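J.: Below are the structure tokens for one structure; questions will follow.
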Amino acid sequence: MESLFALTLMIVFLAFMFDFINGFHDTANTIATSVSTRALRPRAAIILAGTMNFLGAILFTGVAQTISKGVIDPFSIKDETTGLIIVMSALISAIIWNLATWFLGVPSSSSHAIIGSLAGAGISALGFGALNYKGFIEIFEALIISPIAAITVGFIVMKLFTLLFHNFSLVKTNRRFRLLQIFTAALQSFAHGTNDAQKTMGIITMALVASHYLTHVEIPMWVRVAAGFAMAMGTSLGGWRIIHTVGSKIMKIQPINGAAADLSSAAIIFGFTSIHFPVSTTHVITSSILGVGSAERVKGVNWGMALNIVITWVITLPCTALIASIVYRLLNWVL
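Here it is, written out as structure tokens:
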């Protein structure tokens, strides 16, 4: 019993570490456009993003419940130790991947990382029968559909903005949209909290169910508050490598572009949160920028950088699954 408690405690610590890393890895995307257009100073943007992420995290739990049972059903794991090692392996794998891609400045998906890691660790421990195929496929579909929807919505919103404000002077338009970007950055950060912070809550809940500390999938308030706080603290460190990539290397962003991208991505994230599906906020935000850029001038988009980001998205699931499988075998041997 003491060993189970120790393992559970270690998983909670790793989960908050993952959330903390997620804070400076993924949350950087939510403020990249507002920082790059100088609508917000970096310090103000970070404080705003951290605060709104925390609020979004504690007010929603639907995505957390999906994560806790959508990839692997914790009630199907009979051995408590095996279940906890699966979760621990997934967290270690996702943390390794996030740190590696952050170091390289590539905005990869924490969602893909944790879902791929869960699948890889579960298969390594229990075989392919461990996967909840219905839930896994639904989650995978949401991860694929959301960036396509974001490109489309970003394109439409930018076209509407261009139509509505084409008679306004560029200086006045930029000034007004810089003010609007303060609101859109806050909205996008809040949306990020409603979806991305939920993944850590779901992982912790899965561990608590697997170790029989919970008898049903319900997200305890202490988990919600702690996960939100960990992400907010991670945000406070900033993610300047990611901000530089998203805010300047994909396209040259003006305030009107930034506002259109922020509104588009926030709408997509809120939409999927409302139906309890996790999405990659990195996918959604970057895809919104691509859609906005395409609406203005297709050649103005750095498609080479976009291709590098897409390649990272594609390889994240199989790579993290492989890493998690190796980590599981090592932990199983050690523990």
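Sequential numbering of the sequence shown, starting at 1, is according to UniProt numbering. Just so you know, even glycine gets a beta-carbon here, dropped at the ideal spot from N, CA and C. All of these numbers come straight from a predicted model, not from anything done at the bench.
If we count the other Cβ atoms within 10 Å of its Cβ and call it buried at 16 or more, is L104 buried or exposed?
T.: Exposed.
J.: Quick one: what does DSSP say L126 is sitting in, helix, strand or coil?
T.: Correct three-state label for L126: helix.
J.: Which one of R41, F20, A119 has the shortest CA to CA distance from P318?
T.: Of the listed residues, the one whose Cα sits closest to P318 is A119.
J.: Who are the near neighbours of residue 397 in its chain, counting only those whose CB is closer than 6 Å to its CB and skipping five residues on each side?
T.: Since the first residue shown for the chain is 1 and the last is 335, residue 397 is missing from the structure and cannot be characterised.
J.: As a quick exercise: from T235, H283, E296, pick the residue whose alpha carbon is nearest that of S109.
T.: It is H283 whose Cα lies nearest to the Cα of S109.
J.: Along the chain, where does the alpha helix (DSSP H) containing Q65 start, and where does it finish?
T.: Element bounds for Q65: 62-70.
J.: Does DSSP put L131 in a helix, a strand or coil?
T.: Looking at L131 - three-state DSSP - the assignment turns out to be strand.
J.: Mark residue 342 as exposed unless 16 or more other C-beta atoms lie within 10 angstroms of its C-beta, in which case mark it buried.
T.: Only positions 1 to 335 of the chain appear in this structure, which leaves residue 342 out of reach.
J.: Within a Cβ cutoff of 7 Å, which residues of the same chain sit near I58, ignoring the five residues on either side of it in sequence?
T.: The residues are R224, V225, G228.
J.: Quick check on this structure: which residue in F190, I289, A94 has the alpha carbon closest to the alpha carbon of Y328?
T.: When only C-alpha atoms are compared, the closest one is A94.
J.: One question on the structure: do R178 and T37 come within less than 8 Å of each other, judged by their Cβ atoms?
T.: Yes.
J.: Under 8 Å by Cβ, that's how I've got I156 and I139 pegged, so tell me the actual separation to the nearest angstrom.
T.: Going by Cβ atoms, the distance from I156 to I139 rounds to 26 Å, so no, they are not a contact pair.
J.: Report the rounded CA-to-CA distance for I31 versus I268, giving the unit in angstroms.
T.: When rounded, the distance between both Cα atoms is 16 Å.
J.: Straight-line CA distance for V334 to I85?
T.: Distance between the alpha carbons of V334 and I85 is about 11 Å.
J.: Determine, using beta carbons only, whether L143 and S111 come nearer to each other than 8 Å.
T.: Going by C-beta atoms, L143 is nearer than 8 Å to S111.
J.: Which value, in whole angstroms, describes the spacing of the CA atoms of F259 and G50?
T.: For the sequence presented, residue 259 should be read as Ala rather than Phe. Their backbone Cα atoms lie some 19 Å apart in a straight line.
J.: Can you give, in chain order, each stretch of the alpha helix (DSSP H) that sits fully within the stretch 149-217 and has at least 4 residues?
T.: Entirely contained in the stretch 149-217, the alpha helix (DSSP H) runs reaching 4 residues are, in chain order, 170-210.
J.: Flag this pair as yes or no: are the beta carbons of N98 and I21 separated by less than 8 Å?
T.: Cβ distance < 8 Å, so N98 and I21 count as in contact.
J.: Between the C-alpha atoms of A266 and I285, what's the straight-line distance to the nearest angstrom?
T.: Straight-line Cα distance between these residues: approximately 8 Å.
J.: Going by alpha carbons, who is nearest to T81 out of A113, M206, T235, V310?
T.: Nearest C-alpha to T81: M206.
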